[in-house]
Amino acid sequence: MNAKQRQKRGTILALTASAIWGVSGTVMQFVAQNAAVPATWFIGTRTLIAGTILVIIALLQPKKQASPLFKNWSNVLLLVSFSIFGLLANMYTFYYSIQGGNSAAATILQYLSPLFILLGMILFGKQKPTKNNMGAFVIALIGVFLLITQGDIHHLSIPFDSFIWGVLSGLTAALYVVLPQILIKRGCSPVEVTGWGMFISGILSQFVRPIWHLPAHFDLAAAIGVGTIILLGTLMAFLIMITATQYVSSAIVSITDAVQPLVTFVLSACFLGAKFSPVEIFGALVVIVAIYILNRDTADLEA
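Residue numbers for the sequence shown follow UniProt numbering, beginning at 1 and rising by one.
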């Protein structure tokens with residue numbers, strides 16, 4: 001397989017994973033609102049089942065040497081931090097944002113995570129902001145303003161608490177990206193880091209609401225929705241994206257992330273009856289373009 005074929009395959013895989021995440025976000029709105037599944041049970045169930053399967057996959061993978069994941073307390077502390085402040089915090093904030101508002105707006109707000117990563121790097125002196133960085137930041141803020149207010153500062157298109165949860169989901173998504181990268185650079189595989197992170201999250205969640213304490217009125221539709229999110233939106237999408245990174249760089253993969261909010265927007269309108277004004281749609285597109293600019297610059301630096 002030549003370089004062009006590898007890039008094509010990797011790009012298709014990354015686009016597929018992003019599209020699946022977009023579908024998952026839409027299904028999550030059904031689970032959170034229509035089926036009224038509590039966040040405590042849903043997230044505990046999702047992380048425990050997905051984490052268990054990923055840990056098994058990681059243990060079955062052939063290894064050239066023993067994993068350093070549990071070799072020292074520094075790695076263990078990072079793993080637990082990732083599990084709590086990255087995984088659990090991101091899943092809760094994203095779910096609450098969807099539950100109070102809609103999946104399209106929540107996905108766009110979570111999509112701001114690269115801006116939080118950039119802001120963190122600037123604040124801690126690891127990177128000096130470029131003109132493109134600052135331009136992308138300003139453009140993204142304009143897009144969020146248009147999306148949330150429809151251009152009217154006295155009006156919010158989603159409840160204020162949903163907006164705050166959405167912004168927090170963007171912040172915690174940044175931790176979800178950054179924390180495991182430290183462990184991966186130390187020789188741990190992405191599958192085992194994510195698997196153990198989810199498994200720990202799942203175990204901790206059982207102390208809040210055990211998996212066997214089913215929600216009230218948990219019917220077949222709710223079960224199918226939860227199963228779709230766990231198997232399709234968590235496991236399959238993650239494994240497809242991991243495979244994509246074997247063919248193309250992570251920076252190029254990140255550019256395909258724009259597919260996720262687009263898919264969520266379209267599906268929310270088609271299947272959940274969500275209605276968006278032209279200003280909201282324009283605002284969402286502005287945010288997507290801003291993050292694309294930021295990710296493109298990252299790709300150029302990596303190339």
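Even glycine gets a Cβ: it sits at the ideal position worked out from N, Cα and C.
Selected residue, minimal CA-CA separation from residue i, among the options
| i | options | result |
| --- | --- | --- |
| residue 347 | TYR95, ALA17 and GLN5 | No answer is possible for residue 347: the residues shown for the chain start at 1 and end at 303. |
| ALA106 | LYS185, LEU168, GLY86 and THR52 | LEU168 |
| ASN90 | THR243, ARG186, LEU294 and LEU179 | LEU179 |
| TYR292 | LYS275, ALA39, GLN260 and SER103 | GLN260 |
| GLU192 | ALA19, THR40, ILE43 and ALA58 | ALA58 |
| PHE70 | GLY197, LEU123 and VAL279 | GLY197 |
| HIS213 | ILE148, THR40 and THR11 | THR40 |
| SER157 | LEU183, SER277, THR243 and TYR92 | SER277 |
| ILE12 | ILE240, LEU272, PHE282 and VAL279 | ILE240 |
| VAL208 | TYR247, PHE271, TRP21 and PRO38 | PRO38 |
| PHE271 | VAL80, ASN102, GLY10 and SER81 | ASN102 |
| SER67 | GLY187, PHE137, SER81 and VAL80 | GLY187 |
| LEU285 | ALA244, VAL80, TYR247 and LEU141 | LEU141 |
Rounded straight-line distance, which links the Cα of residue j to that of residue i
| i | j | result |
| --- | --- | --- |
| LEU78 | SER162 | 29 Å |
| LEU175 | MET121 | 12 Å |
| GLN5 | ALA14 | 14 Å |
| SER189 | ALA237 | 17 Å |
| ILE229 | HIS154 | 36 Å |
| PHE145 | LEU88 | 27 Å |
| PHE160 | ILE242 | 35 Å |
| ASP152 | GLN33 | 27 Å |
| ILE20 | PRO62 | 27 Å |
| GLN65 | THR194 | 19 Å |
| LYS8 | PHE124 | 36 Å |
| LEU60 | GLY143 | 45 Å |
| GLY225 | VAL177 | 26 Å |
| CYS119 | LYS185 | The question names Cys, but residue 119 is Leu in the sequence shown. About 22 Å. |
| PHE137 | LYS128 | 14 Å |
| PHE218 | TYR92 | 20 Å |
| LEU115 | ALA223 | 35 Å |
| ILE255 | VAL31 | 28 Å |
| GLN181 | LEU231 | 24 Å |
| SER81 | ILE281 | 36 Å |
| GLN246 | GLY10 | 7 Å |
Outcome for residue i when other beta-carbon atoms lying within 10 angstroms are tallied against a minimum of 16
| i | result |
| --- | --- |
| ALA216 | exposed |
| ASN2 | exposed |
| GLY227 | exposed |
| ASN295 | buried |
| GLN29 | buried |
| LEU147 | buried |
| ALA221 | exposed |
| GLN99 | buried |
| LEU183 | buried |
| GLY283 | buried |
| GLY86 | buried |
Nearest-angstrom Cβ-Cβ length linking residue i and residue j, presumed shorter than 8 Å
| i | j | result |
| --- | --- | --- |
| ILE139 | VAL289 | 7 Å |
| GLY166 | SER113 | Contact flag wrong, Cβ pair sits at about 11 Å. |
| ALA36 | GLN110 | Not quite, the Cβ-Cβ distance comes to about 22 Å (not below 8 Å), so this is no contact. |
| VAL287 | ILE108 | 5 Å |
| ALA104 | ALA258 | Not a contact, Cβ separation roughly 14 Å. |
| VAL279 | GLN150 | 5 Å |
| TYR96 | ILE43 | Contact doesn't hold; Cβ gap of about 10 Å is too wide. |
| ILE200 | SER83 | 4 Å |
| query | Are three or more beta carbon pairs between the segment 13-30 and the segment 267-278 nearer than 8 Å? | reply | yes
Self-check item: Any 3 or more C-beta pairs closer than 8 Å across the segment 132-139 and the segment 68-87
Solution: no
Q.
Closer than 8 Å is the cut-off here; do at least three beta carbon pairs connect the segment 196-213 with the segment 38-51?
A. yes
inquiry  = Would you call the segment 226-243 in contact with the segment 49-69, where contact means no fewer than 3 C-beta pairs closer than 8 Å?
reply    = Proximity of the segment 226-243 to the segment 49-69 meets the contact definition, three or more beta-carbon pairs being nearer than 8 Å.
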